[in-house]
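Student:
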Amino acid sequence: MQGKIVRDQSGASTELGYIFTFLLGVLLLSLFSIWAFGLETSTREKWNDTAIDVNMADIAAAVERADLASREDSSISYTEVVRWRLTEADESEFTLTLDDDGLNLDHPENELDRKIPISATGAGTYDGKISLTGTTEIWVVYHEGVTYLSTSRPDF
14 MQGKIVRDQS GASTELGYIF TFLLGVLLLS LFSIWAFGLE TSTREKWNDT
64 AIDVNMADIA AAVERADLAS REDSSISYTE VVRWRLTEAD ESEFTLTLDD
114 DGLNLDHPEN ELDRKIPISA TGAGTYDGKI SLTGTTEIWV VYHEGVTYLS
164 TSRPDF
């Protein structure tokens, strides 16, 4: 038996088919991972925005309740604690301000800034600027004619 060399190229086309199928699979998996990462990022950003909005609404409602108490009797003191829900943002960069115009949340990333108007119908003035670094509780206080924000429980 003598072997003869035969130039058969039908196997090469099968191998090329395998390679192209593999590359198509890699491409589709890459596209899926990019899509899944984008979906996860947008969901996380949405939850972050929602947490910030709910936090601000809770604080604004507490300020309105402090205003209501101040209208009842200007000599009373009122305190209320509001739990700050943690967010994905760097909270050491947040600054929360209360003034006659409303409640303002400032962050270097401007898309996280919030401004909530308040009725400003309290018997006193508004004051308060706090940094949210490590804060889980925000105290809304009305005392001696001033409604203000604090990160610690008042001592009166």
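In our numbering, the protein residues as written are 14 to 169.
All residues carry an ideal CB built from backbone N, CA and C; glycine is no exception.
Fair warning: this is a prediction, and the values are worked out from it, not measured in the lab.
Taking the C-alpha atoms as reference points, what is the distance between VAL153 and ALA49?
Tutor: Locating residue 153 in the sequence shown gives position 140, counting from the first residue. Locating residue 49 in the sequence shown gives position 36, counting from the first residue. Cα to Cα, the separation comes out at about 41 Å.
Student: Assuming contact is defined by CB atoms lying nearer than 9 Å, are PHE107 and LEU145 in contact in what I supplied?
Tutor: Counting from one through the sequence shown, the residue named residue 107 turns up at place 94. Counting from one through the sequence shown, the residue named residue 145 turns up at place 132. Yes, the Cβ-Cβ distance between PHE107 and LEU145 is below 9 Å.
Student: Could you name the residues that DSSP lists as bridge partners for LEU116?
Tutor: Working through the sequence shown from its first residue, we reach residue 116 at position 103. LEU116 is bridged to LEU111 and ILE129.
Student: Which whole-angstrom value describes the C-beta separation of ALA75 and GLU93, a residue pair presumed to lie in contact below a C-beta threshold of 8 Å?
Tutor: Taking the first residue of the sequence shown as position 1, residue 75 is located at position 62. Taking the first residue of the sequence shown as position 1, residue 93 is located at position 80. The Cβ separation is near 5 Å, so the contact holds.
Student: Could you give the DSSP three-state label for ILE32: helix, strand or coil?
Tutor: Walking along the sequence shown from the start, residue 32 turns up at place 19. In this structure, ILE32 counts as helix in the three-state DSSP scheme.
Student: By a C-beta neighbour count over all protein chains shown, 10 Å radius and 16 as the cutoff for buried, is ALA25 buried or exposed?
Tutor: Residue mapping note: residue 25 aligns to position 12 of the sequence shown, counting from 1. By the neighbour-count rule (16 or more Cβ atoms within 10 Å), ALA25 is not buried but exposed.
Student: Give the list of continuous alpha helix (DSSP H) stretches no shorter than 4 residues that lie fully inside the segment 42-122.
Tutor: None, since the segment 42-122 contains no complete alpha helix (DSSP H) of that length.
Student: Just the C-alpha distance for ASN61 and THR54, rounded to the nearest angstrom, thanks.
Tutor: Start at 1 with the first residue of the sequence shown, and residue 61 comes out as number 48. Start at 1 with the first residue of the sequence shown, and residue 54 comes out as number 41. Looking at the two C-alpha atoms, the distance is approximately 10 Å.
Student: Under a three-way DSSP split, which group does SER174 fall into?
Tutor: Residue 174 is absent from the structure shown; the chain starts at 14 and stops at 169.
Student: Write down the C-beta distance between ARG98 and VAL67 rounded to the nearest angstrom, noting that I regard them as a contact closer than 8 Å.
Tutor: As a first step, residue 98 is located in the sequence shown; it is residue number 85 there, counting from the start. As a first step, residue 67 is located in the sequence shown; it is residue number 54 there, counting from the start. Yes, ARG98 and VAL67 are in contact; Cβ-Cβ is about 7 Å, under 8 Å.
Student: Quick check on the burial criterion: 16 or more other C-beta atoms within 10 angstroms. Buried or exposed for TYR31?
Tutor: Against the sequence shown, residue 31 aligns to sequence position 18. Under this definition TYR31 is an exposed residue.
Student: Determine the direct distance from the alpha carbon of ILE89 to that of MET69, and round the result to whole angstroms.
Tutor: In the sequence shown, the residue the question calls residue 69 occupies position 56. In the sequence shown, the residue the question calls residue 89 occupies position 76. Roughly 25 Å between the two C-alpha positions.
Student: Measuring alpha carbon to alpha carbon, tell me which of GLU122, PRO130 and TYR91 ends up nearest GLU58.
Tutor: For the purposes of this step, residue 58 is taken as the residue at position 45 of the sequence shown. When only C-alpha atoms are compared, the closest one is GLU122.
Student: May I have the straight-line CA-CA distance separating LEU36 from THR27, to the nearest angstrom?
Tutor: By 1-based counting over the sequence shown, the position of residue 36 is 23. By 1-based counting over the sequence shown, the position of residue 27 is 14. Using only the alpha carbons, I get a separation of about 14 Å.
Student: What does ILE151 pair with, by DSSP beta-bridge criteria?
Tutor: The sequence position of residue 151 within the sequence shown is 138, counting from 1. DSSP lists VAL95 as partners of ILE151.
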